[in-house]
């Protein structure tokens, strides 16, 4: 693995600095109007970007005070990562690691509450990485080893085993994401028999979280779950699908997957799954995992803008996320193909997905899923908005490895 260093140079680096200044100006100017307390789109992710960009020159306390008031008044706040307390805690922990802002008693209280909230999410059978107890448990890795965490993780493993179902090869899960989507009645039976294959809501994210928990807590017995889920994931990789559609993985296993071809994104399909394999290789040292990850990533590196469906601007399923993942993969492999791919997607981001709006502020462009037309977005958040885009760009000109992307299992 190579040491972290800037990958953008000359005109592209100059343009990155200009866009960063514009993004920071917009996010900062509109911060006091934000009421959303979720990591996915609200104040926590925006504070994470502004702290990384401005460092000690930025005073986050007014926004943090507003965030705390929002938490106190939010009676239905759960313990999930992208929409609940775990995400808020994660952002605050990353900010504190950088600028040392909080008394550690704050995090002790958050960790205690997350353990309680995770148990509620288990009872509700909501377990995916973004919106379930997997994300809650993953955040607890930010705490020093705790016997209470080990007990919770054992309960989590039991819940995952109970909620799993057998597939042709290995096991899968119906994730919370599927339970919230209004699918037609005739399709729901298919969902019950198939598994989400994306990092955000499905098996790859589950496998990586379990592997990281097991690496920290060796007494946690989850190897059977990991192996069974990994068997399913590897079985679903299809050379035929790659030849026909250009992607090894569809969004779902089985019949439901036939309706979704694949895309270049973190949340679903090949690029995010490649990152999951690279992370598993880092944890286990298994060269077969590295080889699989590299093969899938190499195919992704050949993709170009006009041939990738549903691509927008942000981290989740947009060009900023693709560019950042290729930057990460370049560090794993020292292969210049991936640095070139990252630079390509940053140039596309600057040229086609960031615009000056009528109000004079920089805005991102999202794609209408039905029409394919671009539309101006006013999202300043982490996952789909300007703050995530800014963090991606900042990482491309940084001299030190970023930590913010831990919230995306990267």
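Residue numbers (the working numbering): 813 to 1222.
Glycine included, each C-beta is placed from N, C-alpha and C at the ideal position.
Residue pairing for residue 983: DSSP places it in a beta bridge opposite 978. Annotated three-state conformation of residue 849 is coil, per DSSP. Taking every protein chain shown into account, the CB of residue 920 has fewer than 16 other CB atoms within 10 angstroms, so this residue is exposed. The bridge partners DSSP lists for residue 1205 come to none.
Boundaries of the alpha helix (DSSP H) around residue 1021: 1015-1028. DSSP places residue 961 in the helix class (H, G or I) of the three-state scheme.
Taking the CA atoms as reference points, residue 934 sits about 47 Å from residue 824. Only residues of its own chain outside the window of five on either side were considered, and among them 1022, 1032, 1033, 1034, 1037 have a CB closer than 8 Å to the CB of residue 969, listed in chain order. Your pair residue 861 and residue 1199 checks out as a contact, with CB atoms roughly 4 Å apart and the cut at 8 Å. Counting along the chain, residue 879 sits inside the alpha helix (DSSP H) bounded by residues 873-885. Three or more Cβ pairs drawn from the segment 943-961 and the segment 893-910 lie within less than 8 Å of each other, which places the two stretches in contact.
Counting along the chain, the unbroken beta strand (DSSP E) around residue 1186 starts and ends at 1186-1189. For residue 1175, the enclosing beta strand (DSSP E) has its first and last residue at 1174-1179.
Ranking 937, 1178, 1126 by CA distance to the CA of residue 971 puts 937 first. At the C-beta level, residue 1161 and residue 1111 stay beyond 8 Å of one another. Excluding residues up to 5 positions away in sequence, 1173, 1174, 1175, 1192, 1198 lie with their Cβ nearer than 8 Å to the Cβ of residue 838 in the same chain. For residue 1168, the enclosing beta strand (DSSP E) starts and ends at 1166-1168. Taking the C-beta atoms as reference points, residue 820 is found no nearer than 8 Å to residue 1088.
If you draw a straight line from the Cα of residue 841 to the Cα of residue 818, it is about 28 Å long. Taking the Cα of residue 979 as reference, the smallest distance to any Cα among 930, 1046, 851, 1120 is reached at 1046.
Residue 1011 is positioned such that its CB atom lies closer than 8 Å to that of residue 1085. The C-alpha of residue 981 is placed about 8 Å away from the C-alpha of residue 1040. Residue 1056: member of the alpha helix (DSSP H) spanning 1051-1057, first to last residue. Residue 1188 is not a Cβ neighbour of residue 1092, given a cutoff of 8 Å.
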